[in-house]
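Numbering (this note's numbering), first residue to last: 1011 to 1157. Cβ coordinates follow ideal geometry from the N, Cα and C atoms, glycine included. Below: one structure, written as structure tokens.
The following block contains the structure:
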């Protein structure tokens, strides 16, 4: 699977249309707005999953501790509910037993965080087209900035 660095350039205008048709039913991006079925996404980039004040997250979302950025969103939006690979070590739940697995690394600053969050409450099936994911991320970068 391609990474965000290999993705096509995103178009925020196209991403806004995607957000309105596929995301706005459950999420808002407006600063200070309340939560819907899903959390408010304002301030999303750089935030750890499961930490938006006032929203009741699944244990999977809280425990995964994904830090949202372009790379993590690009992978997550492909298939949010995709189950984890069967490479988990019983002694270290959530850590890959195969150091060569692309979703894990020992250095957290270099980690390509996993492509999914097992146990998420989000019912969204994902965006399979790389262009749509890139467009949505370009929109979210602009719309969720807390500046």
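DSSP places residue 1141 within a helical segment (H, G or I) once states are collapsed to three. The shortest CA-to-CA distance from residue 1130 to any of 1077, 1068, 1140 is the one to 1068. Residue environment for residue 1145: buried (at least 16 other C-beta atoms within 10 angstroms of its C-beta). By the Cβ neighbour-count rule, residue 1034 is exposed, with fewer than 16 other Cβ atoms within 10 Å of its own. Shown here for residue 1060: same chain residues with a beta carbon closer than 6 Å to its own, the five before and five after excluded, namely 1067, 1071, 1072 in chain order. Separation of residue 1036 and residue 1048 (C-alpha to C-alpha, rounded to the nearest whole angstrom) is 5 Å. Within the DSSP bridge table, the entry for residue 1047 names no partner. By alpha-carbon distance to residue 1024, the top candidate from 1054, 1077, 1012, 1148 is 1148. A buried status is given to residue 1082, since no fewer than 16 other beta-carbon atoms sit within 10 Å of its beta-carbon.
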